[in-house]
Ligand SMILES: [Zn+2]
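Residue numbers (my numbering): 227 to 551.
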């Protein structure tokens, strides 16, 4: 019986699981992330948690491999985190080598969107598909591309950064430094920002009629995408328009992806997908305008299956993808 260890490093917490290759998770531990300075302390915590789990399950001699998901770009050649806005103190740390030195098994690292894509490939909606695109829309927009049965990485691990495809030349400023990225126009963060900006432009008379204005006044914090979603569902014209534009922008990005990769399916994940009915028809209209008939007709649109389990199962899937277990 062999075991796999999965480590999901997030901006605020780290999850360590011990699992079977079938995807059954035997035990899970959650640690807090030392974001800024103390990456080393976090790594020591990870090492000792893994040791403890292996001992508890008497798995020291049957450990097959370790899969690690990270919220940032990974250099697959060097096994280091090359760029991570959420974990500034972790850039350049050879986390792969550190784990390898301690456990002497193959270590596989990838960014969290690719890891989630693999989770869906092996355990979720992507099961049995050879060509699909995974896209997650939440605070940011991320994704992964599976082509001919394999996850694409590109030369230095940057393939599948769907959120940073430009859909508006000279558009809204993105966190990555560019302008007009999908993430800057169609993420949960973007929806909230756009709503806030537009509320400021309303006249006194318009404010009286606006449900979104009422929501914004009642809450004692800034608007989030969920507030905009609720206002749109209640019929607020401005909120509905924002979701419609978001659907058009997402549709533009996906049009290029479908035209380029001819996938069997687009698999949608992330919290903003709960608002799917609000942007679905705008997205579909854009796709119809911009994609040839045959590739569009042969592409299914489906929801991701794994929900909150995607990160843990993804780290197990990352090992499966790389070892053919
Ligand atoms: Zn960007």
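Using N, Cα and C, we set each Cβ at its ideal position, and we do this for glycine too.
Does DSSP put residue 357 in a helix, in a strand, or in coil?
Here the question's residue 357 lines up with position 131 in the chain shown. DSSP places residue 357 in coil when its eight states are reduced to three.
In terms of DSSP beta bridges, what is residue 449 paired with?
As a first step, residue 449 is located in the chain shown; it is residue number 223 there, counting from the start. In the DSSP output, where bridge partners are listed per residue, residue 449 has none listed.
So, at 7 Å on beta carbons, what are the nonlocal neighbours of residue 288 in its own chain, with the 5 sequence-adjacent residues on each side left out?
On the chain shown, position 62 is the one that residue 288 refers to. Within the same chain, residue 288 has close Cβ partners 227, 228 and 229.
When burial is assigned at 16 or more other CB atoms within 10 Å of the CB, is residue 311 buried or exposed?
Along the chain shown, one-based indexing puts residue 311 at 85. By the 10 Å Cβ count, residue 311 comes out exposed.
Once the 5 residues before and after residue 296 are set aside, which same chain residues still bring their CB inside 7 Å of it?
Taking the first residue of the chain shown as position 1, residue 296 is located at position 70. Answer for residue 296: 235, 307, 310, 335, 337 and 338, listed in chain order.
Buried or exposed by the 16-neighbour rule on C-beta atoms within 10 Å, applied to residue 372
Position 146 of the chain shown, counting from 1, holds the residue named residue 372. Its Cβ being crowded by 16 or more others within 10 Å, residue 372 is buried.
Is residue 390 near ligand 1, going by C-beta to nearest heavy atom under 7 Å?
Here the question's residue 390 lines up with position 164 in the chain shown. Within the cutoff, so yes.
Here's a check: name, in chain order, each residue in its chain whose Cβ is nearer than 6 Å to the Cβ of residue 445, leaving out the five neighbours to either side.
As a working note, residue 445 is residue 219 in the chain shown. Result list for residue 445: empty, nothing under 6 Å.
Given this structure, state the Cα-to-Cα distance separating residue 214 from residue 439, to the nearest angstrom.
For the chain, the structure presents residues 227 to 551; residue 214 sits outside this window and is missing.
Keeping to the same chain, check which residues put their C-beta closer than 6 Å to that of residue 529; ignore five residues upstream and five downstream.
The residue given as residue 529 occupies position 303 in the chain shown. So the list reads 494, once near-sequence residues are dropped.
What span of residues does the beta strand (DSSP E) with residue 268 cover, start to end?
For the purposes of this step, residue 268 is taken as residue 42 along the chain shown, with counting starting at 1. If you look at residue 268, you'll find it isn't in any beta strand (DSSP E); it sits in the alpha helix (DSSP H) that goes 265-282.
Excluding the 5 residues flanking residue 294 on each side, which residues of the same chain have their C-beta closer than 6 Å to its C-beta?
Counted from its first residue, the chain shown places residue 294 at position 68. Closer than 6 Å at the Cβ level, and outside the excluded window around residue 294, lie 233 and 335.
Cα-Cα, which of 534, 531 and 489 is closest to residue 523?
To locate residue 523, count along the chain shown from 1; it is residue 297. Checking every option, the nearest Cα to that of residue 523 belongs to 489.
Count the C-beta pairs between the stretch 471-481 and the stretch 508-515 that are closer than 8 Å, then say yes if the count reaches three, no if not.
yes
From this set, 267, 272, 265 and 238, which residue's C-alpha is nearest residue 244's C-alpha?
Within the chain shown, the letter at position 18 stands for residue 244. The residue with the shortest Cα to Cα distance from residue 244 is 272.
Range of the contiguous beta strand (DSSP E) that encloses residue 229
Start at 1 with the first residue of the chain shown, and residue 229 comes out as number 3. From DSSP, the beta strand (DSSP E) with residue 229 extends over 229-235.
Burial state of residue 340, where buried means 16 or more other Cβ atoms lie within 10 Å:
Translated into positions along the chain shown, residue 340 becomes position 114. Under this definition residue 340 is a buried residue.
DSSP-derived helix/strand/coil call for residue 288
On the chain shown, residue 288 is found 62 positions in, with the first residue counted as 1. Three-state result, residue 288: helix.
Relative to ligand 1, is the shortest distance from any of its heavy atoms to the C-beta of residue 419 smaller than 7 Å?
Here residue 419 refers to the residue found at position 193 of the chain shown. Flag unset: Cβ of residue 419 not near ligand 1.
Residues near residue 283 by beta carbon distance below 8 Å, same chain, minus five either side:
Against the chain shown, residue 283 aligns to sequence position 57. Excluding positions up to five away in sequence, the list reads 229, 244, 252 and 253.
Are there 16 or more other CB atoms within 10 angstroms of the CB of residue 427, so buried, or fewer, so exposed?
Locating residue 427 in the chain shown gives position 201, counting from the first residue. The residue in question, residue 427, is exposed, as its Cβ has fewer than 16 Cβ neighbours within 10 Å.
Given 7 Å as the limit, tell me if residue 404 has its C-beta closer than that to any heavy atom belonging to ligand 1.
The residue labelled residue 404 in the question sits at position 178 within the chain shown. Yes, Cβ of residue 404 sits closer than 7 Å to a heavy atom of ligand 1.
Would DSSP call residue 525 helix, strand or coil?
Counted from its first residue, the chain shown places residue 525 at position 299. Residue 525: coil per DSSP, three-state reduction.
Can residue 291 and residue 332 be called in contact, C-beta distance under 8 Å?
Indexing the chain shown from 1 puts residue 291 at position 65. Indexing the chain shown from 1 puts residue 332 at position 106. Cβ distance < 8 Å, so residue 291 and residue 332 count as in contact.
For ligand 1, any of its heavy atoms closer than 7 Å to the Cβ of residue 409?
Here residue 409 is taken as the residue at index 183 of the chain shown, counted from 1. Flag set: Cβ of residue 409 near ligand 1.
Does DSSP put residue 298 in a helix, a strand or coil?
Locating residue 298 in the chain shown gives position 72, where the first residue counts as 1. Residue 298 falls in the coil class under three-state DSSP.
DSSP state of residue 338 mapped onto helix, strand, coil
The residue given as residue 338 occupies position 112 in the chain shown. In the three-state DSSP reduction, residue 338 falls in the helix class (H, G or I).
Please report the distance separating the alpha-carbon of residue 305 from that of residue 464.
Indexing the chain shown from 1 puts residue 305 at position 79. Indexing the chain shown from 1 puts residue 464 at position 238. C-alpha separation (whole angstroms): 46 Å.
For residue 405, name the three-state secondary structure that DSSP assigns.
Taking the first residue of the chain shown as position 1, residue 405 is located at position 179. The answer is strand: DSSP assigns residue 405 an E or B state.
Which residue wins for smallest C-alpha separation from residue 278, given the options 242, 258 and 302?
As a first step, residue 278 must be located in the chain shown, where it is residue number 52. When each option's Cα is compared against that of residue 278, the closest is 242.
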